[in-house]
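Novice: According to this note's numbering, the sequence shown is numbered sequentially starting from 27. Structure below; questions to follow.
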Amino acid sequence: MSLKGKTAVVTGGGSGIGRACSVQLARDGAAVAVWDLNAESAAETVRLIEAEGGQAKAYIGDASDRASIEQILGRVRTELGPVLVLVNNAGITGFKAFLEISPEDLERIYRINLMGPFFLTQAAVPDMLAAGWGRIINISSSSAQTGAMGMTHYSSSKGGIVALTKSLAQEFAAQGITVNNIPPGFIDTPMTRSSPVDVDAIAAASPMKRAGKPEDIAAACGFLASEAAGYITGQTFGVNGGRVIY
Ligand SMILES: NC(=O)c1ccc[n+]([C@@H]2O[C@H](COP(=O)([O-])OP(=O)(O)OC[C@H]3O[C@@H](n4cnc5c(N)ncnc54)[C@H](O)[C@@H]3O)[C@@H](O)[C@H]2O)c1
């Protein structure tokens, strides 16, 4: 329960990886702000946490919109407390040939996957500076490590997340704030199931012969948020069942 008395914000907390991270951080003692565009799924995550005796509250809005960020963070501070753990998880995927990606496609994916985490981190870091302690965990993608054909807008947005992580880690290391990213590699979530890939075939061909579970990412997220991970910062913490090994 190393996060007892601390507040965590998880964007995209209503589904897949974000839901599992929310549940894990609540088990570790945090009061969790489950932030999602989808009110019903965020409420379900809160129900799951409360059923285990944890503390959580749903916040509904666009985590890439600066006005929503200011408004929601203000409510989180009043209702749960200052934000000391931030999981930038909300994201969208995209599959399109490079030459067919429109400026609108690119702007949408960069806004949600890269600019949202940038603005939200800017808004939350003052709480961590005031406490002299903070944990920022960015959910990137193994596509940023390997590249991904037909996903250049997506993979480049996630490459930006890796660079953002490294730069923030250096900027705030002396203030007690760690910043790391987890690049999931093929996790079985609603996002994966709605994508035009054969989930079961890819799972069968992978080293562990299975897709990852959201809980596999959540375990790493819980560790990176913990006291025990206090000397780890700026890292890309792969959770991919051996699909990507450097
Ligand atoms: N599933 C994988 O294999 C995989 C692989 C690599 C990276 N990722 C990354 O992990 C993260 C979570 O993915 P997932 O598979 O759990 O996806 P998911 O689609 O199951 O869940 C994403 C959640 O984010 C919410 N969301 C989307 N845009 C939002 C916004 N602007 N504001 C607030 N909420 C928003 C959605 O409503 C949804 O509940 C994403 O950033 C994704 O790119 C996933």
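For every residue, glycine included, the Cβ atom is placed at its ideal position computed from N, Cα and C. All values derive from a computational prediction rather than experimental measurement.
What are the start and end residues of the beta strand (DSSP E) that includes K83?
Specialist: Residues Q81 to I86.
Novice: Would you give the residue range spanned by the alpha helix (DSSP H) that G185 belongs to?
Specialist: Per DSSP, G185 belongs to the alpha helix (DSSP H) from T178 to F198.
Novice: So, with DSSP's three-state summary, where would you put V223?
Specialist: Three-state DSSP puts V223 in coil, outside helix and strand.
Novice: Tell me N238's beta-bridge partners as DSSP assigns them.
Specialist: The question names Asn, but residue 238 is Gly in the sequence shown. For G238, which the question treats as bridged, DSSP gives the partners I213.
Novice: Does the Cβ of K184 have 16 or more other Cβ atoms within 10 Å, making it buried, or fewer, making it exposed?
Specialist: Under this definition K184 is a buried residue.
Novice: I need the DSSP call for D153, collapsed to helix, strand or coil.
Specialist: In the structure shown, D153 sits in a helix (DSSP, three-state: H, G or I).
Novice: Nearer than 7 Å: is that true of the beta carbon of T191 relative to any heavy atom of ligand 1?
Specialist: Checking every heavy atom of ligand 1 against the Cβ of T191, none is found closer than 7 Å.
Novice: In whole angstroms, give me the CA-to-CA distance for G55 and L74.
Specialist: Rounded to whole angstroms, G55 to L74 spans 15 Å at the Cα level.
Novice: Starting from V49, follow the alpha helix (DSSP H) in both directions and report where the run begins and ends.
Specialist: Residues G42 to R53.
Novice: How many angstroms separate the CA atom of N207 from the CA atom of T147?
Specialist: Their backbone Cα atoms lie some 13 Å apart in a straight line.
Novice: In this structure, how does DSSP classify L99 when only helix, strand and coil are distinguished?
Specialist: Three-state result, L99: helix.
Novice: Could you spell out where the beta strand (DSSP E) holding I162 opens and where it closes?
Specialist: Per DSSP, I162 belongs to the beta strand (DSSP E) from G160 to I165.
Novice: Hey, is the segment 160-167 in contact with the segment 212-220, meaning 3+ C-beta pairs nearer than 8 Å?
Specialist: Output reads no: the segment 212-220 does not touch the segment 160-167.
Novice: Under the rule that 16 or more other beta-carbon atoms within 10 Å means buried, what is I228, buried or exposed?
Specialist: That one is exposed.
Novice: Between T104 and ligand 1, is there a pair consisting of the residue's CB and a ligand heavy atom that are separated by less than 7 Å?
Specialist: Flag unset: Cβ of T104 not near ligand 1.
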